[in-house]
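Engineer:
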Amino acid sequence: MVVHVSYFIKLKRMDAIVLGPGLGRDPSVLPLVLRVIDFVKKTQVPFVIDADGLWFLHESISSIPALPSAILTPNKIEFSRLCEAALNSNDVLSIKVLTTIAYIYIYIYILH
1 MVVHVSYFIK LKRMDAIVLG PGLGRDPSVL PLVLRVIDFV KKTQVPFVID ADGLWFLHES
61 ISSIPALPSA ILTPNKIEFS RLCEAALNSN DVLSIKVLTT IAYIYIYIYI LH
């Protein structure tokens with residue numbers, strides 16, 4: 001996937017960024033995802049990760065930095081995948097797992 005640099009110039013004007021809905025799971029999208037995440041890390045713009053954005057997060061969790069401005073909105077299955085990728089545990093009902101993942105990966109979670 002080739003993304004023109006003008007798209008990243010437009011990101012600078014955004015008040016918030018949502019990553020995920022309609023993104024798809026094609027591996028060729030990963031470089032774009034990583035560039036957006038790098039931009040968010042540098043600017044601290046409010047950032048919502050949902051749907052396929054969460055899938056890319058769980059696939060690449062070891063190479064993605066903590067993003068204090070990020071809000072994750074996983075459903076139970078998506079959160080289970082994140083827990084398994086981050087902590088080798090899919091026990092999403094464990095308070096210990098919830099607090100550990102929130103502490104290690106500094107995000108705000110909205111679980112539904």
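Residue numbering for the sequence shown follows this note's numbering, beginning at 1 and increasing consecutively. We put the CB at the ideal spot given by N, CA and C, even for glycine. Computed from a predicted structure; not experimentally measured.
Could you tell me the distance, in whole angstroms, from the CA atom of E78 to the CA atom of I71?
Structural biologist: The residue given as residue 78 occupies position 78 in the sequence shown. The residue given as residue 71 occupies position 71 in the sequence shown. When rounded, the distance between both Cα atoms is 14 Å.
Engineer: When you compare only the Cα positions, how much space is there between I17 and F47?
Structural biologist: For the purposes of this step, residue 17 is taken as residue 17 along the sequence shown, with counting starting at 1. For the purposes of this step, residue 47 is taken as residue 47 along the sequence shown, with counting starting at 1. So the alpha carbons of these two residues sit roughly 5 Å apart.
Engineer: As a quick exercise: from I61, L32, D26, Q44, pick the residue whose alpha carbon is nearest that of F8.
Structural biologist: The count along the sequence shown starts at 1 and reaches residue 8 at position 8. The candidate whose alpha carbon is nearest that of F8 is L32.
Engineer: What three-state label does DSSP hand L23 in the structure shown?
Structural biologist: As a first step, residue 23 must be located in the sequence shown, where it is residue number 23. In this structure, L23 counts as coil in the three-state DSSP scheme.
Engineer: Beta strand (DSSP E) containing I71: first to last residue?
Structural biologist: For the purposes of this step, residue 71 is taken as residue 71 along the sequence shown, with counting starting at 1. Start and end: 70-72.
Engineer: Could you compute how far the alpha carbon of F56 sits from the alpha carbon of R81?
Structural biologist: Position 56 of the sequence shown, counted from the start, is the residue given in the question as residue 56. Position 81 of the sequence shown, counted from the start, is the residue given in the question as residue 81. Using only the alpha carbons, I get a separation of about 11 Å.
Engineer: Would you kindly check if the distance between the Cβ of S60 and the Cβ of V45 is under 8 Å?
Structural biologist: Within the sequence shown, numbered from 1, the residue matching residue 45 stands at position 45. Within the sequence shown, numbered from 1, the residue matching residue 60 stands at position 60. No; because the gap between Cβ atoms is not below 8 Å, this pair is not in contact.
Engineer: Quick check: the Cα distance between Y103 and C83, rounded to an integer number of angstroms?
Structural biologist: Taking the first residue of the sequence shown as 1, we reach residue 103 at position 103. Taking the first residue of the sequence shown as 1, we reach residue 83 at position 83. In a straight line, the C-alpha of Y103 is about 12 Å away from that of C83.
Engineer: Alpha carbon to alpha carbon, how far is V97 from S89? Give it in angstroms, no decimals.
Structural biologist: For the purposes of this step, residue 89 is identified with residue 89 of the sequence shown, where counting begins at 1. For the purposes of this step, residue 97 is identified with residue 97 of the sequence shown, where counting begins at 1. Whole-angstrom Cα-Cα distance: 8 Å.
Engineer: Measure from the alpha carbon of R13 to the alpha carbon of each residue in L87, V40, I101, then state which is nearest.
Structural biologist: Working through the sequence shown from its first residue, we reach residue 13 at position 13. Checked all of L87, V40, I101; the closest Cα to R13 is V40.
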